[in-house]
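A short worksheet on the structure shown next.
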Amino acid sequence: MSPEQFHSAFSDLKAGVVLLDAERRIRAANPAYFELTGLSEAEVVGKDCGHCHRCWSVWEGQSDLCRHRCPFHHPELHEPPMPVSLNVRGAQRGMVQRAYSHQYFPDGSLRESLLFLFPLQQVDPTLRELSRLDRELRLASEVQTELLQLRREPTPCWEVALASRPYRPVGGDLAETTERLLYVADVSAKSVPAALTLQSVSRAFRHELHGPPERAIARLNRRLLALLPPTMFVAAAVVFVHPGARLTVIHAGLELPWLYRAATRRSNPLERPGMVLGVEARGGHRAVPLRILPRDLLALWSDGFGEALEETGEPLPWLLRRLAAAPSGRLQAAVAQELSQRDYRDDATLLAVRLQPEEKCHSRSRRQIVSDSSTRKLLRKRGDG
Numbered sequence: 155m156s157p158e159q160f161h162s163a164f165s166d167l168k169a170g171v172v173l174l175d176a177e178r179r180i181r182a183a184n185p186a187y188f189e190l191t192g193l194s195e196a197e198v199v200g201k202d203c204g205h206c207h208r209c210w211s212v213w214e215g216q217s218d219l220c221r222h223r224c225p226f227h228h229p230e231l232h233e234p235p236m237p238v239s240l241n242v243r244g245a246q247r248g249m250v251q252r253a254y255s256h257q258y259f260p261d262g263s264l265r266e267s268l269l270f271l272f273p274l275q276q277v278d279p280t281l282r283e284l285s286r287l288d289r290e291l292r293l294a295s296e297v298q299t300e301l302l303q304l305r306r307e308p309t310p311c312w313e314v315a316l317a318s319r320p321y322r323p324v325g326g327d328l329a330e331t332t333e334r335l336l337y338v339a340d341v342s343a344k345s346v347p348a349a350l351t352l353q354s355v356s357r358a359f360r361h362e363l364h365g366p367p368e369r370a371i372a373r374l375n376r377r378l379l380a381l382l383p384p385t386m387f388v389a390a391a392v393v394f395v396h397p398g399a400r401l402t403v404i405h406a407g408l409e410l411p412w413l414y415r416a417a418t419r420r421s422n423p424l425e426r427p428g429m430v431l432g433v434e435a436r437g438g439h440r441a442v443p444l445r446i447l448p449r450d451l452l453a454l455w456s457d458g459f460g461e462a463l464e465e466t467g468e469p470l471p472w473l474l475r476r477l478a479a480a481p482s483g484r485l486q487a488a489v490a491q492e493l494s495q496r497d498y499r500d501d502a503t504l505l506a507v508r509l510q511p512e513e514k515c516h517s518r519s520r521r522q523i524v525s526d527s528s529t530r531k532l533l534r535k536r537g538d539g
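The working numbering puts the first residue of the sequence shown at 155, with every later residue one more than the last.
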């Protein structure tokens, strides 16, 4: 989306959209928000969200949600989209559907949030109204994607490629790559509820996935068990990246990861399945340690991609061979092409990681190579650093 297209989408949304910083101050709002509240830009920008408007519950005796359950003061809360009464300066401004989303820094601290206020019409839904709401949701998805993009951290010595395609305007797949962690996850809910849950799930992944892999997954499972509603769960495949070209893979209910060995040109699934996360306290997930050689490739994907691949009848090893055949530096293009040439009935995500040839790995800058503290201390003792 170009800056002009983004500005047009942000301005044309009939839903009120507010961008907030970590202190709950309003950084920007669209014209629909000003129309909903009757406030001007000067009265809103830079002000605390709760000073500009209040959301009152319509199910709990008109309780002030901004006072008792504000999702921006308490981002650990997960509230599904809900109808609320919009109140400005003590006067009711009508009924709206409230939805929100959070974005976090890599250390887990809150970065910014988006608030959506969809006006509720007091009429029976018609096809025209449903079509309008669908267009609104698509625009909301584009705005969310532009403002709240997940950061992809560089992964030295490894070439990582990631592509995702939501089936609905706002998807339920989550994937992230950092220097020491790669994962693909699928939240069981769909559309807006899944998208809002993704923010909390992403934060849980970042907070809990450190240390020994099996213990990390056990912590994450307990965290999600406490975080998610009883009707929801998370399927995932997680890859821990270790020094010395070693990976540890833990499967938690997602499609089985596949490994391509360049030396033999053979592909095989990692046959150690585990149950989904957030259902039972005793997960019992078992780690699969891997020693990776240059040009070996590991691929993970969500159910949506796996189902679309199965419908074509194409053997899975063919996919792995095509990805492995991509020239160095072109793996992202190969993954994006694979994702784009199929029809989907669910959110689809494909992630591939390949160990770079030795010469590629050693072409990194000296600062990257000696990034860990133990190596720097050793070089200082030798007089090289």
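Note that CB positions come from ideal geometry on N, CA and C, so glycine has one too.
Helix, strand or coil at residue i according to DSSP, with G and I counted as helix
i: F226; result: coil
i: P471; result: helix
i: A488; result: helix
i: Q246; result: strand
i: E266; result: strand
i: E425; result: coil
i: L316; result: strand
i: N375; result: helix
i: C311; result: coil
i: K535; result: Caution is warranted here: a pLDDT of 46 is assigned to K535, below 50, making its placement in the model unreliable, and no coordinate value can be reported.
i: L363; result: coil
i: G170; result: strand
i: V199; result: coil
i: Y254; result: strand
i: G432; result: coil
i: T385; result: coil
i: Y337; result: strand
i: R508; result: strand
Cβ neighbours of residue i in the same chain (closer than 7 Å, five flanking residues each side left out)
i: L264; result: A176, P229, H256 and Y258
i: G248; result: L240 and P273
i: L474; result: W412, Y414, S421, L451 and A453
i: F387; result: S342, V430, L431, G432 and V433
i: V238; result: C209, W210, S211, V212, L219, V250 and R252
i: L364; result: In the sequence as presented, Leu is not what sits at residue 364; that position holds His. Here the set comprises A370.
Own chain partners of residue i with C-beta closer than 6 Å, once the 5 adjacent residues on each side are dropped
i: F459; result: A502 and L504
i: V489; result: A315, A317, L504 and A506
i: A389; result: D340, G407, L408 and V430
i: L269; result: V172 and Y254
i: Y321; result: Y498, D500 and D501
i: R181; result: L173 and D175
i: V392; result: Y337 and I404
i: A416; result: R449 and D450
i: H396; result: none
i: Q353; result: S255 and H256
Expected contact under 8 Å - CB spacing of residue i and residue j to nearest Å
i: N184; j: H207; result: No, N184 and H207 are not in contact; Cβ-Cβ is about 14 Å, not under 8 Å.
i: Q510; j: W312; result: 7 Å
i: D500; j: E461; result: 6 Å
i: R223; j: K201; result: Not really, about 21 Å apart at Cβ, beyond 8 Å.
i: P427; j: L452; result: So it is not a contact: roughly 16 Å between Cβ atoms.
i: E333; j: P366; result: The pair is not a contact, with the Cβ atoms about 18 Å apart (cut-off 8 Å).
Classification of residue i by the beta-carbon crowding that lies within 10 angstroms, buried from 16 upward
i: W455; result: buried
i: P225; result: buried
i: S342; result: buried
i: R221; result: exposed
i: W412; result: buried
i: L274; result: exposed
i: R357; result: buried
i: Q246; result: exposed
i: A370; result: buried
i: R319; result: buried
i: G262; result: exposed
i: E425; result: exposed
i: G398; result: exposed
i: S267; result: buried
i: D327; result: buried
i: E464; result: exposed
i: A380; result: exposed
i: H161; result: exposed
i: T418; result: exposed
i: T385; result: exposed
i: G244; result: exposed
i: A478; result: buried
i: R508; result: buried
i: A186; result: buried
i: A169; result: buried
Proximity test, residue i beta-carbon vs the ligand COA heavy atom, cut-off 7 Å
i: R243; result: Within the structure as shown, the ligand COA is missing, as the structure has no ligands at all.
Contacting residues, own chain, Cβ-Cβ under 8 Å from residue i (five flanking each side not counted)
i: G192; result: V242 and R247
i: S482; result: E313, Q510, P511 and K514
i: E197; result: C206
i: E368; result: I404, H439, R440 and A441
- Segment contact, 8 Å Cβ cut-off, at least three pairs: the region 465-483 with the region 425-443: no
- Message: Would you call the region 393-411 in contact with the region 434-452, where contact means no fewer than 3 C-beta pairs closer than 8 Å?
- Response: Contact between the region 393-411 and the region 434-452 is established, with three or more Cβ pairs separated by less than 8 Å.
- So, do the region 446-458 and the region 364-376 have three or more beta carbon pairs nearer to each other than 8 Å? With a cut-off of 8 Å, the region 364-376 and the region 446-458 do not count as touching, because too few Cβ pairs lie within range.
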